[in-house]
DNA sequence: CAGGCAAAAATTGTATACAATCCGGATTCG
DNA sequence: CGAATCCGGATTGTATACAATTTTTGCCTG
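Protein chains in written order, with the working numbering: chain Y, 12 to 240; chain Z, 12 to 240.
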């Protein structure tokens, strides 16, 4: 399995990239522990480098580092989950509008290619990959808007969205993706900012509505609790 | 002068806190270099700790670390400067609205106290301190809105705003601060979300308009270039 | 046999040693 | 005299050694 196998001496960025991808594609689930030595061996570097990588990912919100206990893939709470999508709802519509004003033919082709890959991944049953591509799609739009500061924030939000979806997505099977992205690209192609803004707003609401954000028991981490009736 | 003098063994957070404060108050100017050994001696810790602190501040956008060259207080470009205030204009008005809905008497007292300190600092001629307090004021409002994700982003934006102001503020002397904060607190006290939102929007535009964001020459760092006619 | 205690192993946190790179000044050559 | 080059010191980057903490394991006792 060519998963996280790098021969030797990777940079911090490469490690962050591969680990981030693994989390985005749900190959690493929320709660999973990343032992430093293990990561060291996989990438063939010293703990100095690995610790830098883990710390970066903590800043992104992807990992939570507990003192003296280690780095774990973050498990957003319900409140955090809501906040992530509230923040996206605040940021992304206006970003889509800006993108509509600036998108050129090249950008549109890129986005369409993105959607193709996304559908292909879904057809192959690779839901994790499709999810990551979907996130990248949103980031591409932010990039087109030429707002690096916002893009940087959105990167964090998309990362966290991936965690939220891992924890709170309703049906494990049907990962929708209707044709919201298609419609968005159409609006961008026409330079229709109003429509792009509205479509983005609706799209985010749609995703949000498919999350199960009701109060629930903390996932019982203790075997004892899990077995008592 | 009790500036950055800590006796011994500080934590990463303490170092980040003190250095951040120094940047926010313009005691450390954009472009200033932070040598690792120097910071080590000041705080009485090893480079391991200092490097963690510097890296944190790089993520906040406060420092820029150039490979093999060191950590410098960031110098936002014109584009970045504009983006920072565009992002704030996008985020803060709705945050002010949310704060108006949630603010209790205690919060209002806190904010008023904040404004007092700000004016006192201005009267004493401590413009840097006043600026930092002004940033904290905005962060307090975000905290009241109970949106930690947004608050986290705003923290970065306020940090960068401090750098932008250091670089692009028009008149070095009169650091305005009219009574915009007073008006905002009034709206919050009354729970008037609409007004709070509008006031915040106007306040940010006001700050933005006092920046000198025209294209300009890169400050010539070379004496030779400065002398040739 | 359950529960608690203690030692050992495993893991993370910090300091230090060593390697790589950069910077400034002196030297040499055109 | 000016420019390029090379060297030594200074500074940052990485690996490793050691300390502190947690987790596991095994033993002992009630």
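Positions of the beta carbon are idealized from the N, C-alpha and C atoms, including for glycine.
DSSP three-state call for residue i: helix, strand or coil?
i                      : result
residue 156 of chain Y : coil
residue 121 of chain Z : helix
residue 42 of chain Y  : coil
residue 82 of chain Z  : strand
residue 69 of chain Z  : helix
residue 36 of chain Y  : coil
residue 222 of chain Z : strand
residue 18 of chain Y  : For residue 18 of chain Y, the predicted structure reports a pLDDT of 47, less than 50, and the residue's modelled location is therefore unreliable. A value from the coordinates is still provided. Three-state result, residue 18 of chain Y: coil.
residue 208 of chain Z : helix
residue 88 of chain Z  : coil
residue 47 of chain Y  : helix
residue 77 of chain Y  : strand
residue 213 of chain Y : helix
Just to make sure I have the definition right: I need the residues of chain Y whose C-beta is within less than 7 Å of the C-beta of residue i. Which are they?
i                      : result
residue 174 of chain Z : Near residue 174 of chain Z there are no residues of chain Y at all, since even the closest Cβ is about 13 Å away, more than 7 Å.
residue 70 of chain Z  : 70
residue 95 of chain Z  : 160
residue 164 of chain Z : 164
residue 80 of chain Z  : Neighbours of residue 80 of chain Z on chain Y: none; closest Cβ ~17 Å, over 7 Å.
Thinking just about the alpha-carbon of each residue, which of the options is nearest to the one in residue i?
i                      : options                       : result
residue 250 of chain Z : Z:68, Z:145, Z:114 and Z:220  : It is not possible to answer for residue 250 of chain Z, since the shown part of chain Z is limited to 12 through 240.
residue 218 of chain Z : Z:138, Z:96 and Z:109         : Z:96
residue 168 of chain Z : Y:169, Y:164 and Y:171        : Y:164
residue 66 of chain Z  : Z:37, Z:31, Z:109 and Z:161   : Z:31
residue 177 of chain Y : Y:135, Y:139 and Y:194        : Y:139
residue 129 of chain Y : Y:60, Y:44, Y:50 and Y:149    : Y:149
residue 173 of chain Y : Y:85, Y:126, Y:70 and Y:78    : Y:85
residue 170 of chain Z : Z:147, Z:151, Z:153 and Z:161 : Z:147
residue 114 of chain Y : Y:152, Y:211 and Y:127        : Y:152
residue 99 of chain Z  : Z:145, Z:180, Z:211 and Z:122 : Z:211
residue 198 of chain Z : Z:112, Z:41 and Z:53          : Z:112
residue 41 of chain Z  : Z:196, Z:78, Z:180 and Z:133  : Z:180
residue 191 of chain Y : Y:175, Y:206, Y:214 and Y:202 : Y:214
residue 90 of chain Z  : Y:157, Y:195 and Y:206        : Y:157
residue 175 of chain Y : Y:225, Y:46 and Y:88          : Y:88
residue 39 of chain Y  : Y:52, Y:48 and Y:82           : Y:82
residue 202 of chain Y : Y:52, Y:155, Y:166 and Y:141  : Y:155
Contact defined as beta carbons within less than 8 Å: I believe residue i pairs with residue j. What is the distance between those atoms, to the nearest angstrom?
i                      : j                      : result
residue 119 of chain Z : residue 200 of chain Z : 5 Å
residue 64 of chain Z  : residue 23 of chain Z  : 5 Å
residue 26 of chain Z  : residue 76 of chain Z  : Going by Cβ atoms, the distance from residue 26 of chain Z to residue 76 of chain Z rounds to 15 Å, so no, they are not a contact pair.
residue 160 of chain Z : residue 162 of chain Y : No, residue 160 of chain Z and residue 162 of chain Y are not in contact; Cβ-Cβ is about 16 Å, not under 8 Å.
residue 110 of chain Y : residue 207 of chain Y : 7 Å
residue 70 of chain Y  : residue 21 of chain Y  : With 8 Å as the limit, residue 70 of chain Y and residue 21 of chain Y do not qualify as a contact, their Cβ atoms being about 19 Å apart.
residue 126 of chain Z : residue 196 of chain Z : 7 Å
Interface residues of chain Z around residue i at Cβ under 9 Å?
i                      : result
residue 40 of chain Y  : Chain Z residues near residue 40 of chain Y: none, gap ~22 Å exceeds 9 Å.
residue 113 of chain Y : Ordered by position in chain Z, no residue passes the 9 Å Cβ test against residue 113 of chain Y, which lies about 14 Å from the chain.
residue 108 of chain Y : Going along chain Z, no residue has its Cβ under 9 Å from residue 108 of chain Y, so there is no contact; the nearest lies around 11 Å.
Go ahead and label residue i buried or exposed: buried means 16 or more other beta carbons lie within 10 angstroms of its beta carbon, across all protein chains shown.
i                      : result
residue 106 of chain Z : buried
residue 73 of chain Y  : buried
residue 29 of chain Z  : buried
residue 37 of chain Y  : buried
residue 57 of chain Y  : exposed
residue 204 of chain Y : buried
residue 239 of chain Y : Caution is warranted here: a pLDDT of 44 is assigned to residue 239 of chain Y, below 50, making its placement in the model unreliable, and the coordinate value is therefore given only provisionally. Label assigned to residue 239 of chain Y: exposed.
residue 103 of chain Z : buried
residue 44 of chain Z  : exposed
residue 108 of chain Z : buried
residue 223 of chain Y : exposed
residue 143 of chain Z : buried
residue 233 of chain Z : Residue confidence is low: residue 233 of chain Z scores 45 on pLDDT, short of 50, so the model does not pin down where it sits. Its coordinate-derived value is still stated next. Looking at its Cβ environment, which holds fewer than 16 other Cβ atoms inside 10 Å, residue 233 of chain Z is exposed.
residue 122 of chain Z : buried
residue 133 of chain Z : buried
residue 131 of chain Y : exposed
residue 216 of chain Z : exposed
Run down chain Y in chain order and give the residues with a C-beta less than 8 Å from the C-beta of residue i.
i                      : result
residue 101 of chain Z : 101, 102, 105 and 161
Mind listing the chain Y neighbours of residue i? Cutoff is C-beta to C-beta under 9 Å, in chain order.
i                     : result
residue 91 of chain Z : 159 and 160
For a contact defined as C-beta to C-beta under 7 Å, what are the partners of residue i on chain Z?
i                     : result
residue 98 of chain Y : 160 and 161
residue 58 of chain Y : None at all; the shortest Cβ gap to chain Z is about 11 Å.
Residue i: beta carbon under 8 Å from a heavy atom of the ligand MN?
i                     : result
residue 20 of chain Z : Within the structure as shown, the ligand MN is missing, as the structure has no ligands at all.
Give me the chain Z residues within the contact set of residue i, using Cβ-Cβ distance strictly less than 8 Å, ordered along the chain.
i                      : result
residue 154 of chain Y : Near residue 154 of chain Y there are no residues of chain Z at all, since even the closest Cβ is about 13 Å away, more than 8 Å.
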